[in-house]
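In numbering that gives the first Met the number 0, the protein residues as written are 0 to 139. For every residue, glycine included, the Cβ atom is placed at its ideal position computed from N, Cα and C. Only a predicted model underlies this, so the values are computations on that prediction, with no experimental measurement involved. One structure is given here, and the rest of the page talks about it.
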Amino acid sequence: MKGERPRRLIEQLIKYPNRTDRLKEEKIILAQERLQKRADRRKNRHDQDIKPVVYNVGDWVLVKNHEYSSALTKEIKKFFHLFTGPYVVLRKMGENAYSLGDPNTREYKTTQNIANLRRYKKPITDPTGDDVKILDGKRG
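Have a look at this one:
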């Protein structure tokens with residue numbers, strides 16, 4: 000029999016379902032749908048644990064410092080400050096950008112993406128008015 004696959008003994012004993020060949024485009028569409036479904040599931044799981052960070056006008060924040068090491072000046076990045084500031088939030092520019100200014104004069108300094116910001120925690124003060132230093136988790 001020309002054009003047909005030879006039948007094997009196992010195929011004669013066991014009835015297999017008819018094989019339907021899908022078109023290449025159908026397979027691609029099916030794969031894309033499955034990938035999108037899995038991506039949505041991953042996103043939902045991730046979003047359950049994440050709380051969106053929102054800063055209000057008047058909040059104090061630090062800005063991430065993007066300094067690089069320099070072989071010429073022999074400065075090493077790991078010894079630089081990670082953040083600069085504090086700055087005060089002047090206004091919200093968009094969904095993820097804030098306008099920042101000097102906390103004393105409220106003069107505009109920069110606009111930063113929320114990914115570069117961190118909430119500033121003011122130093123703890125003693126009831127006597129003296130600054131309290133925390134060393135190794137103990138008050139000093």
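Item                                                                                                                                     : Value
For the alpha helix (DSSP H) containing Asn43, list its first residue and its last residue.                                              : Lys23 to Asp48
First and last residue of the alpha helix (DSSP H) that includes Leu81?                                                                  : Unbroken run through Leu81: none, as it is neither H nor E.
With Tyr119 and Pro85 assumed to form a contact (beta carbons below 8 Å), what rounded beta-carbon distance in angstroms separates them? : 4 Å
In or out: Gln111 buried (at least 16 other Cβ within 10 Å) or exposed?                                                                  : buried
Going straight from the alpha carbon of Ala70 to that of Asn64, what length do you get?                                                  : 19 Å
Which of the three DSSP states, helix, strand or coil, is assigned to Glu74?                                                             : strand
Do Thr109 and Leu99 count as a contact pair if the criterion is CB distance below 8 Å?                                                   : yes
To the nearest angstrom, how far is it from the Cα of Lys77 to the Cα of Tyr97?                                                          : 27 Å
Reducing DSSP to helix, strand and coil, say where Asn115 ends up.                                                                       : helix
Met92 to Glu25, Cα distance in whole Å?                                                                                                  : 45 Å
Take Val56 as the anchor and find which of Asn95, Leu89, Arg105 and Arg33 has the nearest alpha-carbon.                                  : Leu89
With a cut-off of 8 Å on the beta carbons, I'd call Tyr54 and Val60 a contact; round off their distance for me.                          : 6 Å
Return the CA-CA distance between Ala30 and His45, expressed in angstroms with no decimal places.                                        : 23 Å
What are the start and end residues of the beta strand (DSSP E) that includes Val209?                                                    : Since the first and last residues shown for the chain are 0 and 139, residue 209 lies out of range.
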